[in-house]
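Protein chains: 2
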Amino acid sequence: MARDPKYDILFEPLKVGPKTLPNRFFQSAHCNGAGSDRPGFQAHFRAMKAEGGWGAVSTEYCSIAPESDDTHRVSARLWDEGDVANLSLMCDMIHEQGSLAAVEIWHGGPNACGMESRVPARGASQIGSPFAFMRACKEMDRNDIREVQQLYVNACKRARDAGFDVLTIYYAHTEALLHQFLLPFFNRRTDEYGGSFENRVRFGREVLELVREAVGDDCAISVRFGIDTLELPFGLGDRGIRQDGEGLQFIEYMDELVDMWDLNVGNAVEWGEDAAPSRTHPENHERPNVYKAKEHTKKPVMNVGRFTNPDTMVDVIRSGQADIIGAARPSISDPFLPKKIEEGRLDDIRECIGCNVCISRWEIGGPPLVCTQNATSGEEFRRGWHPEKFTQAANPDNDVLVVGAGPAGMECAMVLGKRGMRRVHLVDAAEEIGGHMRWVPKLPGLGEWARVVNYRRIQLDKLKNVEVITGSRLDAQGVLDYGAEILVIASGSGWSTYGLQGITNEPMPGPDASPAHLVIAEQLRVEGKPGGK
Amino acid sequence: MARDPKYDILFEPLKVGPKTLPNRFFQSAHCNGAGSDRPGFQAHFRAMKAEGGWGAVSTEYCSIAPESDDTHRVSARLWDEGDVANLSLMCDMIHEQGSLAAVEIWHGGPNACGMESRVPARGASQIGSPFAFMRACKEMDRNDIREVQQLYVNACKRARDAGFDVLTIYYAHTEALLHQFLLPFFNRRTDEYGGSFENRVRFGREVLELVREAVGDDCAISVRFGIDTLELPFGLGDRGIRQDGEGLQFIEYMDELVDMWDLNVGNAVEWGEDAAPSRTHPENHERPNVYKAKEHTKKPVMNVGRFTNPDTMVDVIRSGQADIIGAARPSISDPFLPKKIEEGRLDDIRECIGCNVCISRWEIGGPPLVCTQNATSGEEFRRGWHPEKFTQAANPDNDVLVVGAGPAGMECAMVLGKRGMRRVHLVDAAEEIGGHMRWVPKLPGLGEWARVVNYRRIQLDKLKNVEVITGSRLDAQGVLDYGAEILVIASGSGWSTYGLQGITNEPMPGPDASPAHLVIAEQLRVEGKPGGK
Chain H
0 MARDPKYDIL FEPLKVGPKT LPNRFFQSAH CNGAGSDRPG FQAHFRAMKA EGGWGAVSTE
60 YCSIAPESDD THRVSARLWD EGDVANLSLM CDMIHEQGSL AAVEIWHGGP NACGMESRVP
120 ARGASQIGSP FAFMRACKEM DRNDIREVQQ LYVNACKRAR DAGFDVLTIY YAHTEALLHQ
180 FLLPFFNRRT DEYGGSFENR VRFGREVLEL VREAVGDDCA ISVRFGIDTL ELPFGLGDRG
240 IRQDGEGLQF IEYMDELVDM WDLNVGNAVE WGEDAAPSRT HPENHERPNV YKAKEHTKKP
300 VMNVGRFTNP DTMVDVIRSG QADIIGAARP SISDPFLPKK IEEGRLDDIR ECIGCNVCIS
360 RWEIGGPPLV CTQNATSGEE FRRGWHPEKF TQAANPDNDV LVVGAGPAGM ECAMVLGKRG
420 MRRVHLVDAA EEIGGHMRWV PKLPGLGEWA RVVNYRRIQL DKLKNVEVIT GSRLDAQGVL
480 DYGAEILVIA SGSGWSTYGL QGITNEPMPG PDASPAHLVI AEQLRVEGKP GGK
Chain P
0 MARDPKYDIL FEPLKVGPKT LPNRFFQSAH CNGAGSDRPG FQAHFRAMKA EGGWGAVSTE
60 YCSIAPESDD THRVSARLWD EGDVANLSLM CDMIHEQGSL AAVEIWHGGP NACGMESRVP
120 ARGASQIGSP FAFMRACKEM DRNDIREVQQ LYVNACKRAR DAGFDVLTIY YAHTEALLHQ
180 FLLPFFNRRT DEYGGSFENR VRFGREVLEL VREAVGDDCA ISVRFGIDTL ELPFGLGDRG
240 IRQDGEGLQF IEYMDELVDM WDLNVGNAVE WGEDAAPSRT HPENHERPNV YKAKEHTKKP
300 VMNVGRFTNP DTMVDVIRSG QADIIGAARP SISDPFLPKK IEEGRLDDIR ECIGCNVCIS
360 RWEIGGPPLV CTQNATSGEE FRRGWHPEKF TQAANPDNDV LVVGAGPAGM ECAMVLGKRG
420 MRRVHLVDAA EEIGGHMRWV PKLPGLGEWA RVVNYRRIQL DKLKNVEVIT GSRLDAQGVL
480 DYGAEILVIA SGSGWSTYGL QGITNEPMPG PDASPAHLVI AEQLRVEGKP GGK
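So the sequence lines, in the order shown, correspond to chains H and P. According to numbering that gives the first Met the number 0, the residues represented by the first sequence are 0 to 532, in order. According to numbering that gives the first Met the number 0, the residues represented by the second sequence are 0 to 532, in order.
Structure (structure tokens):
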């Protein structure tokens, strides 16, 4: 099927400095737990998105030197030639797909924990990190400033040597030293690097000048800029910047040094607002805080905002909000999102539900990400899993009975169908498939979670070898009588109604959900028990 | 200098199953952040202790299979031949020193997070982990029990192949599946693996029988057993075991299958009580809960308890409390503790202060450990640092002025002295060296922290090229006039007295330490400000 012409604009190439972005889809920097030390995981994870049509694919935040070591968390690194070798695999595999490889160049100031390198932190002013474990920093003197600027240059040269096309200079989320210099929240300096706007931006401007001079002919320079740090009390207020103020002023002042703008919003401590969950924030939620930028720049602009709807994407571009559709979570949930739009297969899009389980892994530290919607995410290399291509099963001449059509049962039946089993019967006692995902999306703010069911219902409908049977409760004898050669039990679990106390690991006498004035979500939604007051 | 004969007993060899422990010093299992994936760090870190005289040196907890994956934390692993190769380096280097290599064989049940392997957990009963992130488990059926027992056997064979002499079967801390089967807190089974003592111990007994049969001729089998899970409300009470009860009963029941006992105490969630800080627990603090074991076993017994005093160690053995001195933290603080006792250099012992900064790193997850007392800890491989041997400086024909005799200045002057600088002057404005460590140890419970100063004072006294000058405050001109070729500023920091609020990163109006009724520790101890009521 060909794509709808109204989406053509999403597939127009775009010149970005010395490079050409083949379409308007850019996987913005996001963590995955791979870093530079798991090059196979990193390369195959990112290249899957290039295969799925993303015109540019980025690493996560990439540390430029040991003093910006974020261990226990996992960042990419460009500390030495070993890192260059490791990350070059990712670049090569992305280039094979015709996409651009991007890297996010990062120095964290005091927000980098330094727990592996043990190197003390340097920062704009001597202020403890609001984020890292017990981490303060030395206020940088002029020698420090020159040294750290050289660290940026050295890392950017390594990035070029590794094969990266786009160097995204990290200037956002209060997580980046460059942003910290700009924000009065961090910058209390009284020298030429503090005080006035021009002074607070000086450090970053010098970095950009040096980087352009070093690698600007070879690489596109993107700046990931936190243009609005939001209002008090959640944001930084006067201690930060707003779009209508230093945000747009910054765009104009730095525009000549930049090949593209990667814009987002941030709050006091790292990126909670930028990666806001669907529970509280709709698609394109950053629009009010970023939409004015395009009038103040001659360079292409990228926005993010959990974009999964191609109509929204078109509107973003046509309305003059941005030129490039950035995405992190939607690209995890569906690495083939661009290709599915291109091929007119909109109903095959596996939309991100905004649950943020991916992000929760980074908050823990080192473990690889997981995705509620895309079970293959993170397993591209180790297990050779592919989100769209399924190998024929070794034992296809069997019937499979899957008991329970919740998320696990739906996924199981769908994958077995795609792997070519003779017949797959997905049976559920309820009248609808979905298991607990029938009622969870009815809870306040969780509407987008229904996508877990919707995507799989459509896929199951398309599979001729899968039959979905609802309203049929099977007991053990019923399962045996069914006659399938292979049985999968996916009958799920329910919420405990009695609590569990920590001392004995026993149910708590008293605090259970039987009294009329107490109710748990499942009772409310499934059993129809009235809520208490 | 020869050792005092009263310590001879600490150096008597001891037969442990098919192996001979060359002396009574056993570095019990403890984490360091190396695992199996950083074999150089692991091997050099552990081998340093063998060089320092520890008769046996263990890995940290070592996972037997992917279902017991503790990522984001770093355990050792014996999942496959790659792990065997990686850990064999540690064994080889320990053997070169004439010591035994030990490994702690671990399956965590639901307490292993599984965040890298993604394998679901199996456990004694279907109860959520009190410790891991959102981790529940499947109650093991008989097939599961046989499979998991085979995982133990397979890992123990790999351990033997890697070169380990002592296999410590982890049966403690509620962190180990074997312990969980024993404890009613976790085990609610009604089959032959739950209920009575014999039933709850059946799973572990079968594991030990299988392991002995597989590798018992080649390796010594140690059991690290949590003999007392303490009383309510801090401990497990009736949901756990006590020494006078199933603790000693267990010792008698399993004794024939065990070559040595590695005993400790535990509480509801992992090992907080076992690794208790000096602030609350003195040396040999576990004695009341473990001392009866020796009367109930024919096998050697090991205890731990932050042992740093050789007289305590002798008393432990002579009093019939234990045969082997186990230690984790004291061996980090001073890898050469045994050798210093052997050589009669007691005043050179760098005693652990029980601050638990080492343990705090594991609580965070993956980062390598650090030690307040031993700056070389964790840097044996990467930087080639040695806690006792110092290479001659490249520029010894210089005088060094170190300004400030706090912990950093003392360490710096000491190391520069040992590295052979011509003259090192350590100058402090106060009448005593130690910096803030002069008064911190006077705070309640922090007496042992004075060891930071005491160790360095003794070392500095011994160095002919180091002069300590107190009561001398140097300003910039004074430093210049001093005439040293090399200057080190280590003048320290103080506690903020005004607070810092999160919204503005500015001092908080009002909450400062100037009013008479408010006092911070430094005012109290250094300035003599009276405490409030």
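By construction, the Cβ of each residue, glycine as well, lies at the ideal position given by its N, Cα and C atoms. Predicted model only: the values in this text are computed from it and were never measured.
Measuring CB to CB, does residue i end up less than 8 Å from residue j?
i	j	result
P:G246	P:Y170	no
H:I358	H:A274	yes
P:D322	P:L13	yes
H:K293	H:G319	yes
H:F306	H:E282	yes
H:E285	H:L229	no
P:I457	P:D346	yes
H:C155	H:V214	yes
H:S67	H:G34	no
P:V300	P:W260	yes
Can you say whether residue i is buried or exposed, counting buried as having 16 or more other CB atoms within 10 angstroms of its CB?
i	result
P:N468	First, the amino acid is wrong: residue 468 of chain P is Ile here, not Asn. Per the 10 Å Cβ criterion, exposed.
P:L473	buried
P:S221	buried
P:A64	buried
P:R344	exposed
H:Q533	Here chain H has residues from 0 to 532 only, and residue 533 of chain H is not among them.
P:Q476	exposed
P:G482	exposed
H:H534	Shown here, chain H extends from 0 to 532; a query on residue 534 of chain H therefore has no answer.
P:W270	buried
Using CA atoms only, rank isn't needed, just tell me which of the options is closest to residue i.
i	options	result
P:F389	P:N142, P:G405, P:M420	P:M420
P:S330	P:V369, P:K293, P:S318, P:E362	P:V369
H:A489	H:F249, H:L207, H:V402, H:M89	H:V402
P:G470	P:Y497, P:Q476, P:E430	P:E430
H:R437	H:V525, H:E294, H:I8	H:V525
P:H94	P:H435, P:A46, P:R199	P:A46
H:Q500	H:S492, H:D511, H:G491	H:D511
P:N31	H:T19, H:E115, H:P4	H:E115
H:I363	P:G39, P:A33, P:R72, P:D3	P:R72
P:Q372	P:K338, P:M413, P:L166, P:R382	P:M413
Could you pull the start and end residues of the alpha helix (DSSP H) that residue i belongs to?
i	result
H:M0	Where H:M0 is concerned, there is no enclosing alpha helix (DSSP H), given that its DSSP letter is neither H nor E.
H:I144	141 to 161
H:W260	Run containing H:W260: none in the alpha helix (DSSP H); it sits in the beta strand (DSSP E), 259 to 264.
P:L442	Where P:L442 is concerned, there is no enclosing alpha helix (DSSP H), given that its DSSP letter is neither H nor E.
P:M253	247 to 253
H:F180	176 to 181
H:K417	406 to 417
H:G203	201 to 214
Looking at the secondary structure, which residues open and close the beta strand (DSSP E) in which residue i lies?
i	result
H:F25	24 to 26
H:K14	13 to 15
P:V465	465 to 468
P:M301	300 to 302
H:W361	Note, H:W361: premise wrong, no beta strand (DSSP E); alpha helix (DSSP H) at 356 to 363.
H:E431	Element bounds for H:E431: n/a, residue is neither H nor E.
H:G34	Careful: H:G34 lies outside any beta strand (DSSP E) and carries neither H nor E.
Worksheet item: If we count Cβ pairs, one from each stretch, closer than 8 Å, do we get three or more for the region 342 to 361 of chain P versus the region 396 to 404 of chain P?
Response: No: the two stretches stay apart, fewer than three of their Cβ pairs being nearer than 8 Å.
Worksheet item: Are the region 172 to 182 of chain P and the region 95 to 102 of chain P touching by the rule of at least three beta carbon pairs closer than 8 Å?
Response: Short answer: they don't touch.
Item to complete: Determine, using beta-carbon pairs with one atom in the region 114 to 128 of chain H and one in the region 186 to 197 of chain H, whether at least three such pairs fall under 8 Å.
Response: The region 114 to 128 of chain H, when compared against the region 186 to 197 of chain H, does touch it at the 8 Å Cβ threshold.
Worksheet item: Does the count of Cβ pairs from the region 46 to 54 of chain P and the region 12 to 32 of chain P closer than 8 Å reach three?
Response: Yes: the two stretches touch, three or more of their Cβ pairs being nearer than 8 Å.
Worksheet item: Would you say the region 144 to 157 of chain P touches the region 203 to 211 of chain P, given that touching needs at least three Cβ pairs under 8 Å?
Response: With the cut-off at 8 Å, the region 144 to 157 of chain P and the region 203 to 211 of chain P touch.
Discussion item. Can you confirm whether the region 374 to 393 of chain H touches the region 366 to 383 of chain P when touching is taken to mean that 3 or more C-beta pairs between the two stretches lie within less than 8 Å?
Written reply: Contact between the region 366 to 383 of chain P and the region 374 to 393 of chain H is not established, with fewer than three Cβ pairs separated by less than 8 Å.
Item to complete: Please determine if the region 105 to 112 of chain P and the region 131 to 147 of chain P are in contact, where contact requires at least 3 C-beta pairs separated by less than 8 Å.
Response: Verdict: yes, contact present.
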